[in-house]
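Residue numbers (UniProt numbering), protein chains in the order written: chain A, 1 to 729; chain B, 1 to 183.
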Ligand SMILES: Nc1nc2c(ncn2[C@@H]2O[C@H](COP(=O)(O)OP(=O)(O)OP(=O)(O)O)[C@@H](O)[C@H]2O)c(=O)[nH]1
Ligand SMILES: [Mg+2]
């Protein structure tokens, strides 16, 4: 119940108001008349209704000339709405935009800082060269504004202008102003300036010496780091991560001063901080960053804290932890339990956790290994096949990493007796067990009892060519069979069925069959080998490597019998299985040292998720795409064409398109209207807060939406129309 | 309470109807200077107007919505955007710019031939009278062929926006004509 006072007000307003009202129908005729009405209140109503239609996704661009007339107003709310509208449709009416220039320029000197900001932002966002021609004075003036809020906006506008018209931006000399903004007193101005500079540098690295600017401002950055917003902090930390400290003293100083941010609630700030610390840590004396050092412990607990974030962020954290672990394997080794899988983790988190677990485990700690083994065993009893499969693989990885024969035997035992017993009826589990067992056996191939145990189980599978489904598992099976033929009672029959299927198999299995037949050829009829050679070199779809291999062996076997070396050669080819195999001690995937260093420097970026360091090629590609995108900046026409264009634009505008939305329930659209108006204003503000970010600087929230879209592609469909419109900028 | 109501009525009546007036003329004629002379009574430093200025001012109890449009060649085509519902046009001429009198005359007559402006009154300012060698009002009138105008209330006034001379005289005449025609 509104207070009486308000009711009276409303009553008076409605009964005395002479200015005609605008209905909710959204008819262009009515809106247009309203926009040029002699009553200011009617004009404002009409603007609101027009924007409302716009946020509902209707094309209200034909009203452009008339909306534009309302841009010069002292009513801030009205001005915001008109600005929003103009930004939206400016590119449809490039010529008419010139009519707004005077207002933009005037507004950039308005006593109200918000209006100054709005003017300069808008000017730098409209892709119309006629507008950019006049940006000179307003941009320069706002860059030197007394108000930090205006300055912080203006520095971002430099990057926007650079995107739209690089040459102009360089000619105006605002890049120097931008560099000078790094010496500003206000943290927000500094962080926006560095963001803007990084952005420009990513578009064209030649115009601004980013590294030198960072070098000369490190102490400034460290100073403002504590006073700025999350987003600004991210930017500054990113800049700091680009800096190579001169000596251990400076490195220590930087580390000390950023360390506090390890406790920040925003994971992307945490990761950016870790990045800065790791970058500087190598400058220190090694015992200052031993696993027991204070700083390593702090990093460790920061990473642990990331594991209590929502799953999407955990996923990002896990990916980054994997990179960090590879460089500093001991950093989290007391925290194994944190990474145990929880039943309600999404699959992508579960799988990533297993990756961490097998890397994290300290193999010298047998108790930890046993604990992890039991944990993995439990996982392998779950019902999600992908998860089970990864757990079985992980057991083999764990065993091999540990290397102890008794421990390996224990794992083999679990796989043979418990997992196969229970899940042996499921194809993929059989495949995984076969691969895991074969890998484990490779690690202790002389252990008779293990050989016996494993081979007797595999031997009992009557038609392995059918029950195994993956190329890898078949290959492993054939390899085992060939290595221990005496443990496989029906090795010849089994091999023959594989041979019969040869052309249907994939290349790894084909190679395995080929090698197996060669090694066991003395136990097969003479024609088998010959036929296989012929088949493998002649059938059409054969893999080129398989064919070459077959060809080579065939040549060896075709050497003239009189050659004394033939027997010896064949012997060597066939019997190498008797010699001990080279020992394997790890089957975990690792990064190359070079990749690892690059990834460490790109923690918290999209690269860290794909494990794909940002290369010069990718950067160039993205630069190319951007410059193409910006090429559609609208060029103005010759003066003599202008008259016609103007006439056409006006005619287009006045064509009476009557869109009738009268069907909509009045009350609901009323509500929508007030909401939308509020949103519009809010979004107008928000809109300016962002700067388009380069791949390199994606922050976590963007990454999150990325992972989201991997897992749940429709996650973002709820965004409003307005947001879509705004995203266009 | 009394205060409350009076401020309220002010607001309400403040939303009253406005009269549209256009200030047109070639670039550099002094349009923007005249607009702000009218609004704040001072001479402001101006730049060529790329687009328009619009100010609302109250003059003799009338609310005027005064539009000052840029006079550069590239902006003149858009004048027509603003013709609808215009009560009066103020056409400003730089009386020292003899070379462009013909151009000014052409633009003036082209504008007045527009359907939408048939009922609008016309006030011409022969501006910059403070300058030596400025043509007099009657000379400007001749250059612009004002006598050819039929069925239109028009007047020409010698003015100096810088010195503030002639401006109010001109506007007084204009307001009287508008009042007569509107009431
Ligand atoms: N001496 C003199 N100078 C004047 C007078 N009126 C205007 N000016 C000057 O003439 C120049 C142009 O004046 P503006 O008011 O900007 O001209 P405008 O008609 O608005 O020009 P556009 O916006 O380009 O169409 C300025 O330097 C003014 O100071 C006048 O009465 N006497
Ligand atoms: Mg002007």
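Cβ coordinates follow ideal geometry from the N, Cα and C atoms, glycine included.
Anticipated Cβ contact below 8 Å, residue i with residue j, distance rounded
i              : j              : result
residue 71(A)  : residue 42(A)  : No, residue 71(A) and residue 42(A) are not in contact; Cβ-Cβ is about 17 Å, not under 8 Å.
residue 137(A) : residue 105(A) : 7 Å
residue 464(A) : residue 477(A) : 5 Å
residue 88(B)  : residue 24(B)  : Rounded, the Cβ-Cβ distance is 11 Å, inconsistent with contact.
residue 480(A) : residue 441(A) : 7 Å
residue 262(A) : residue 302(A) : 4 Å
residue 604(A) : residue 268(A) : 6 Å
residue 19(B)  : residue 65(B)  : 6 Å
Interface flag, residue i vs chain A, CB-CB below 8 Å
i             : result
residue 74(B) : yes
residue 84(B) : yes
residue 18(B) : yes
residue 70(B) : yes
Residue i at chain B interface by Cβ criterion, 8 Å
i              : result
residue 65(A)  : yes
residue 93(A)  : no
residue 655(A) : With a pLDDT of only 42 at residue 655(A), under the threshold of 50, the placement of this residue in the model should not be trusted, and no figure is reported.
residue 734(A) : What is shown of chain A runs 1 to 729, which leaves residue 734(A) out entirely.
residue 38(A)  : yes
residue 98(A)  : yes
residue 122(A) : no
residue 103(A) : yes
residue 119(A) : no
residue 72(A)  : yes
residue 677(A) : Since pLDDT at residue 677(A) reaches only 41, below the 50 mark, its modelled position is unreliable, and no value is offered.
Neighbourhood of residue i by C-beta distance below 7 Å, restricted to the same chain and skipping five residues each side
i              : result
residue 550(A) : 514, 533, 536, 537
residue 128(B) : 30, 94, 95, 96, 134, 160
residue 96(A)  : 64, 65, 68, 649
residue 201(A) : 208, 210
Residue from the options with nearest C-alpha to residue i
i              : options                        : result
residue 26(B)  : 105(B), 83(B), 175(B)          : 105(B)
residue 235(A) : 214(A), 372(A), 599(A)         : 214(A)
residue 225(A) : 199(A), 211(A), 257(A)         : 257(A)
residue 67(B)  : 76(B), 149(B), 54(B), 73(B)    : 54(B)
residue 97(B)  : 57(B), 42(B), 169(B), 143(B)   : 143(B)
residue 198(A) : 69(A), 240(A), 229(A)          : 240(A)
residue 360(A) : 491(A), 350(A), 177(A), 372(A) : 372(A)
residue 121(B) : 156(B), 102(B), 138(B), 140(B) : 156(B)
residue 164(B) : 23(B), 32(B), 38(B), 179(B)    : 38(B)
residue 318(A) : 357(A), 438(A), 285(A)         : 357(A)
residue 443(A) : 481(A), 196(A), 396(A), 500(A) : 396(A)
residue 430(A) : 408(A), 457(A), 447(A)         : 457(A)
residue 449(A) : 6(A), 408(A), 602(A)           : 408(A)
residue 412(A) : 447(A), 461(A), 454(A)         : 454(A)
residue 745(A) : 25(A), 123(A), 333(A)          : What the structure shows of chain A is the stretch from 1 to 729, and residue 745(A) is not part of that stretch, so it cannot be assessed.
residue 250(A) : 274(A), 218(A), 230(A), 268(A) : 218(A)
residue 56(A)  : 25(A), 563(A), 600(A)          : 25(A)
residue 512(A) : 545(A), 475(A), 29(A)          : 475(A)
residue 221(A) : 185(A), 246(A), 203(A)         : 185(A)
Own chain partners of residue i with C-beta closer than 8 Å, once the 5 adjacent residues on each side are dropped
i              : result
residue 115(A) : 76, 79, 107
residue 146(B) : 124, 154, 156
residue 248(A) : 283, 284, 285
residue 170(B) : 90, 123, 125, 155, 157, 159
Residues near residue i by beta carbon distance below 6 Å, same chain, minus five either side
i              : result
residue 732(A) : Residue 732(A) cannot be examined here, being either before or after the span of chain A that is shown, 1 to 729.
residue 46(A)  : 22, 31, 34, 35
residue 731(A) : The structure shown has nothing for residue 731(A), since chain A only spans 1 to 729.
residue 482(A) : 516, 519
Are three or more beta carbon pairs between the region 603–617 of chain A and the region 338–355 of chain A nearer than 8 Å? Contact between the region 603–617 of chain A and the region 338–355 of chain A is not established, with fewer than three Cβ pairs separated by less than 8 Å.
Evaluate contact between the region 30–48 of chain B and the region 79–87 of chain B, counting only Cβ atoms and requiring at least three cross-stretch pairs below 8 Å. At 8 Å Cβ cutoff, the stretches do not touch.
Closer than 8 Å is the cut-off here; do at least three beta carbon pairs connect the region 249–256 of chain A with the region 584–599 of chain A? Touching, no, given that fewer than three Cβ pairs across the two stretches are closer than 8 Å.
If you measure beta-carbon to beta-carbon, which residues of the region 30–64 of chain B are closer than 7 Å to chain C? In the displayed structure, chain C is absent; the protein chains listed are A and B.
Please determine if the region 613–625 of chain A and the region 283–297 of chain A are in contact, where contact requires at least 3 C-beta pairs separated by less than 8 Å. Fewer than three Cβ pairs drawn from the region 613–625 of chain A and the region 283–297 of chain A lie within less than 8 Å of each other, which leaves the two stretches out of contact.
Check whether the region 404–414 of chain A and the region 590–608 of chain A are in contact - that is, three or more C-beta pairs closer than 8 Å. With a cut-off of 8 Å, the region 590–608 of chain A and the region 404–414 of chain A do not count as touching, because too few Cβ pairs lie within range.
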